[in-house]
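J.: Supplied in structure tokens, the structure appears directly below.
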Amino acid sequence: MPAINKREKWASKIGLILALAGNAIGLGNFLRFPVQAAENGGGAFMIPYFVALIIMGIPLMWAECAIGRMGGRYGQGHTAGMFELMWRHPCSKYLGMLGIFIPFTVALYYIYITSWTLAYGYFSLTGDYFGVATRETMGAYLRGFQGVESNQYLSSISPSYLAYLTTLGMSLYIVYHGISGGIERLGKIAMPLLFLIGVALAVRVLTFGTPDPNYPENNVLNGLGFVWNPQLERLTNPTIWLAAAGQIFFTLSVATGAVPTYTSYMREEDDVALTGLSTAGLNELAEVVLGGTIAITAAVAFFGLAETEEIARRGAFDLGFQALPMIFQKIPLGHLFGALWFLLLFFAGVTSVVALTQPVMALFQDGFGWSRGKTTCVVLAALFLLTQPVIFFLKHGFLDELDFWVGSFALVFFALIETIQFAWVFGMERGWNEITRGAAISVPRPFYYVIKYVTPLFLLFILAAWAVQDVPNKIFMVGVKPEDAPYVWGARGMMIALLL
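Structure (structure tokens):
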């Protein structure tokens with residue numbers, strides 16, 4: 023097949039890297055990672071975390087960048103077309119369609135969660151939640167905002183819905199202006215600001231010292247030690263290894279279809295090895311250095327080790343939307359630092375939302391020849407309509423059902439298919455040539471064998487562990503209230519309809 027080059031291209035290499043970093047750096051860097059680290063022993067978590075980064079995260083990033091650049095060479099910006107290029111088989115493109123279905127479905131709820139950060143940034147500036155002093159009342163405040171309940175803090179879903187419409191409108195504007203005019207420009211603005219805000223917040227946290235002299239053990243140094251001092255005896259616990267592998271998988275946003283789509287707009291001579299490594303490096307800087315320092319250290323300093331672990335067990339939203347706002351109420355300039363925290367989350371979220379829409383955009387543009395304007399209107403209209411049940415059925419578990427099957431299980435399943443397709447069907451020798459062709463860095467040869475053998479086995483282990491631990495309970499709706507069951511079935515029906 024002859025190469026096709028009449029497609030949009032990134033205007034600069036730094037623009038590509040910042041856009042890829044925007045895709046990878048999301049809410050999970052600042053909310054999910056601190057929770058996973060706190061739940062799994064802090065420093066003990068970091069050893070399997072970095073092992074998983076080396077044997078799974080970076081290899082997957084390189085493979086996806088190589089697949090994307092190769093697909094773009096032949097005018098294919100989505101994984102359905104790319105898979106067909108790698109394997110001339112009727113079922114190949116249908117397997118590749120998972121790389122379009124997954125990101126679009128994740129975007130249905132990810133954009134709504136991102137909009138919460140925009141609203142909470144405004145609430146921080148106005149001091150709307152200041153005076154809501156306990157975790158229980160902060161939880162009630164969040165539920166009122168979500169429309170899950172009507173209470174003395176918020177009695178209407180209107181603020182939440184307005185924030186959602188604003189976030190959707192911003193995403194529409196960015197996507198409409200294309201690769202270099204919209205997404206690349208967003209990356210060049212949002213990513214530097216994100217890191218500047220992150221550094222400012224991290225520095226402020228490190229100056230907390232010992233906030234309450236009555237509890238001298240609750241201090242910044244103990245918070246940092248909790249993250250970095252490894253409890254080696256806990257490394258024998260397989261749950262920690264599984265959690266670390268899962269976090270690496272999610273934090274790099276691999277298997278969402280966005281990385282191949284973004285790299286399909288690379289030029290032929292652009293380097294995928296350095297691009298992939300730079301993206302992973304920026305992501306780890308944001309997650310480990312900033313995400314870990316801000317959230318965990320602050321929580322330990324104000325709440326202590328035991329309560330921080332309890333907050334973590336209650337989930338990422340408890341840490342990000344309840345515990346940290348309580349801290350902002352206790353420090354000077356809390357309004358400002360609260361607004362900066364949620365602005366940081368918003369930048370992380372909106373860059374990921376835009377990336378999640380691109381695979382389906384590429385399907386209509388490259389597969390059907392639609393203009394970007396027409397495609398943007400259709401995709402964002404579909405996104406708007408299909409997000410409504412996520413918003414209004416939140417309390418019935420609609421979002422949670424989508425997140426488990428698409429945002430967790432399907433991602434790992436697709437990554438396994440993608441790795442086998444790249445390393446075994448397309449062939450590791452050809453795949454290695456794609457990774458190293460024009461590389462500005464020397465890719466160590468052992469990664470040839472890591473991608474071919476270790477990465478797929480590691481993914482198979484994660485998939486099997488989840489299949490045993492979580493899938494049966496999810497299938498049979500263990501713990502689901504009878505009144506919520508119809509909504510869970512509705513979420514499943516919507517996923518099946520989108521997939522078909």
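Count along the sequence shown from 1, then add 22; that gives the number in the numbering used here.
We put the CB at the ideal spot given by N, CA and C, even for glycine.
(1) If we count Cβ pairs, one from each stretch, closer than 8 angstroms, do we get three or more for the segment 441-453 versus the segment 282-289?
(2) Can you tell me which of the three DSSP states Tyr175 falls into?
(3) For Ser137, which residues of its own chain have a beta-carbon under 6 angstroms away from its beta-carbon, when the five flanking residues on both sides are left out?
(4) CB Val154 to CB Tyr142, shorter than 8 angstroms?
(5) Ignoring anything shorter than 4 residues or poking outside the segment 475-517, list the alpha helix (DSSP H) runs there in chain order.
(6) With DSSP as the reference, label Tyr163 as helix, strand or coil.
(7) If I'm right that Gly371 touches Ile135 with Cβ under 8 angstroms, what's the distance once you round it to whole angstroms?
(8) Once DSSP output is grouped into helix, strand and coil, what is the label at Tyr237?
(9) Taking only three categories from DSSP, how would you classify Leu520?
(10) Which residue wins for smallest C-alpha separation from Leu42, given the options Thr297, Lys503 and Leu408?
(11) Using C-beta distances below 6 angstroms, list every residue in its chain close to Leu385, excluding the 5 sequence neighbours before and after it, in chain order.
(12) Nearest-angstrom Cα distance between Gln174 and Phe415?
(13) Round the Cβ separation of Leu40 and Lys210 to the nearest angstrom and send it over; I've been treating them as touching at under 8 angstroms.
(14) DSSP three-state call for Pro70: helix, strand or coil?
(15) Could you check the C-alpha separation between Ile349 and Ile133 for me, to the nearest Å?
(16) Could you compute how far the alpha carbon of Glu505 sits from the alpha carbon of Glu171?
(17) Measuring CB to CB, does Val249 end up less than 8 angstroms from Gly65?
(18) Can you list, in chain order, the residues of its chain whose CB lies under 8 angstroms from that of Lys115, leaving out five sequence neighbours each side?
(19) Which value, in whole angstroms, describes the spacing of the CA atoms of Arg91 and Gln491?
(20) Helix or strand or just coil, what does DSSP make of Tyr151?
(21) Is it buried or exposed, Ile463, if we count other Cβ atoms within 10 angstroms and call 16 or more buried?
(22) In the DSSP assignment, find the alpha helix (DSSP H) that holds Leu254 and state where it starts and stops.
(23) In terms of residues, what are the limits of the alpha helix (DSSP H) holding Leu405?
(24) Considering Lys115, what are the terminal residues of the alpha helix (DSSP H) in which it resides?
(25) Whole-angstrom Cβ separation of Ala129 and Leu378, contact assumed at under 8 angstroms?
(26) Between Gly342 and Leu216, what straight-line distance do the alpha-carbon atoms span, to the nearest angstrom?
(27) Compute the beta-carbon to beta-carbon distance between Thr373 and Asn45, rounded to the nearest angstrom, for a pair I have assumed lies under 8 angstroms.
(28) Taking just the CA atoms, how far does Pro125 sit from Ile36?
(29) From which residue to which residue does the alpha helix (DSSP H) around Val372 run?
(30) By the three-class DSSP mapping on this structure, what secondary structure does His199 have?
(31) Throw me the rounded Cβ distance for the Ala60 and Thr330 pair, which I believe falls under 8 angstroms.
(32) Find the nearest neighbour of Tyr71 within the set Gly268, Ala323 and Val472, judged by alpha-carbon distance.
(33) Is the beta carbon of Thr524 sitting closer than 8 angstroms to the one on Ala222?
(34) Answer yes or no: do Ile457 and Val465 have a C-beta to C-beta separation smaller than 8 angstroms?
(35) Taking the Cβ atom as the reference point for each residue, do Thr301 and Met83 lie within a distance shorter than 8 angstroms?
(36) Give, in chain order, every unbroken run of the alpha helix (DSSP H) that is at least 4 residues long and sits entirely within the segment 253-301.
T.: Taking the definition as stated:
(1) no
(2) coil
(3) Ala185, Tyr186 and Thr189
(4) no
(5) 477-491 and 493-497
(6) helix
(7) 7 angstroms
(8) coil
(9) helix
(10) Thr297
(11) His100 and Ile122
(12) 21 angstroms
(13) 6 angstroms
(14) helix
(15) 26 angstroms
(16) 16 angstroms
(17) yes
(18) Ala102, Gly103, Phe105 and Glu106
(19) 37 angstroms
(20) coil
(21) exposed
(22) Taken as a continuous stretch (DSSP letters only), Leu254 belongs to no alpha helix (DSSP H), as it is neither H nor E.
(23) Arg394 to Phe414
(24) Ser114 to Gly118
(25) 4 angstroms
(26) 16 angstroms
(27) 7 angstroms
(28) 24 angstroms
(29) Gly356 to Ala384
(30) coil
(31) 6 angstroms
(32) Gly268
(33) There is no way to answer for residue 524, as the model of the chain reaches only from 23 to 522.
(34) yes
(35) yes
(36) 260-273 and 280-285
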